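Have a look at the structure below, then the notes.
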Amino acid sequence: MTGAFEAAGWRDDPADPARQRWWDGFDWTEHTRLAPIVDNPAGRRPIGREPIVFARRDRTAVLGWIGWSPLWIGAAPYLLWLISANVQARPQAAGWIPVTFLLGWAALLLLAHRDRRELQALGWIGTPNPRWALLGSLPYLIARRRALHRDDGDAEGTDTSLFATTAVVLAIAGAALVLWMGPQLIGMAIEVVGDQFRQRTITPGP
Numbered sequence: 001m002t003g004a005f006e007a008a009g010w011r012d013d014p015a016d017p018a019r020q021r022w023w024d025g026f027d028w029t030e031h032t033r034l035a036p037i038v039d040n041p042a043g044r045r046p047i048g049r050e051p052i053v054f055a056r057r058d059r060t061a062v063l064g065w066i067g068w069s070p071l072w073i074g075a076a077p078y079l080l081w082l083i084s085a086n087v088q089a090r091p092q093a094a095g096w097i098p099v100t101f102l103l104g105w106a107a108l109l110l111l112a113h114r115d116r117r118e119l120q121a122l123g124w125i126g127t128p129n130p131r132w133a134l135l136g137s138l139p140y141l142i143a144r145r146r147a148l149h150r151d152d153g154d155a156e157g158t159d160t161s162l163f164a165t166t167a168v169v170l171a172i173a174g175a176a177l178v179l180w181m182g183p184q185l186i187g188m189a190i191e192v193v194g195d196q197f198r199q200r201t202i203t204p205g206p
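Position 151 of the sequence shown, counted from 1, bears residue number 151 in UniProt numbering, the numbering being contiguous throughout.
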């Protein structure tokens, strides 16, 4: 029963939860009405239902190219070496190998700028600085994940598998580069030194 001396007003009907009954300050009256419908009472949530939160999409068209960049950046010098099949041309081709690395790094930097623009178009405010790509794809992906996590803690974030893939590709590309370029550079250096030595020791005929 409603407490004594409570102010008059509509109260929940003790006999019918779907209705309200008028309390005159001392006792219940005969006046009733339907209880008002409350769409979302404060502090209440339907049992068994949770709010649906949609994570913003963070996959861009160039993200895969960034993740696999150690492979194609490392493959460019190898292709250049294969094209220069003529042994006499390989000393000149060796001088272009650093150029191919620089071009690959420049392409990675452009991809990072493109990735940032696409993230901004998807609604992200906190985006990674493309200059992280100057340190390589893996540092950029780490900076990317941290930037997106700061922007939205519930965001999907860069897939962890992409980090693992990039790390594996980077390790394989580095090992292949050392195993392939090491003997090639040593052999080329020996050949160049040998040619110079022969030119100095051979005396012209009469």
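Don't be surprised by glycine CBs; every beta carbon is placed ideally from N, CA and C. Here the structure is a predicted model, which means the values were calculated and not measured.
Cutoff 7 angstroms; reference residue i; Cβ partners in own chain excluding five residues on either side
i	result
residue 219	Residue 219 cannot be examined here, being either before or after the span of the chain that is shown, 1 to 206.
residue 60	115, 118 and 119
residue 28	21
residue 8	23, 24 and 25
Member of the options whose CA lies at the smallest distance from the CA of residue i
i	options	result
residue 36	24, 124 and 19	19
residue 33	24, 72, 26 and 13	13
residue 102	125, 75 and 122	75
residue 167	104, 70 and 121	70
residue 171	191, 193, 137 and 6	137
Residues near residue i by beta carbon distance below 6 angstroms, same chain, minus five either side
i	result
residue 139	132
residue 77	97 and 100
residue 112	130, 133 and 140
residue 104	73 and 76
Cβ-Cβ distance between residue i and residue j below 9 angstroms
i	j	result
residue 141	residue 66	yes
residue 148	residue 16	no
Cβ-based burial, residue i [other Cβ within 10 Å; buried from 16]
i	result
residue 212	Because the chain here runs from 1 to 206, residue 212 falls outside it and cannot be looked at.
residue 145	buried
residue 143	buried
residue 63	buried
residue 154	Confidence at residue 154 is low in this model, with a pLDDT of 47, below 50, so its placement is unreliable and the value that follows should be read with caution. Exposed, since its Cβ has fewer than 16 Cβ neighbours within 10 Å.
Contact with chain D by residue i, beta-carbon distance below 9 angstroms
i	result
residue 144	Among the chains of the structure shown, chain D does not appear; only one protein chain is present.
Close Cβ partners of residue i (< 8 angstroms) along its chain, the five nearest in sequence each way excluded
i	result
residue 10	20, 21, 22, 23 and 33
residue 157	Residue placement at residue 157 is flagged as unreliable, the pLDDT there being 47, under the threshold of 50; the coordinate-derived value follows with that caveat. Answer for residue 157: 58, 145, 148 and 149, listed in chain order.
residue 200	none
residue 6	23 and 25
Contact between the region 102-109 and the region 130-146 (3+ Cβ pairs under 8 angstroms):
yes
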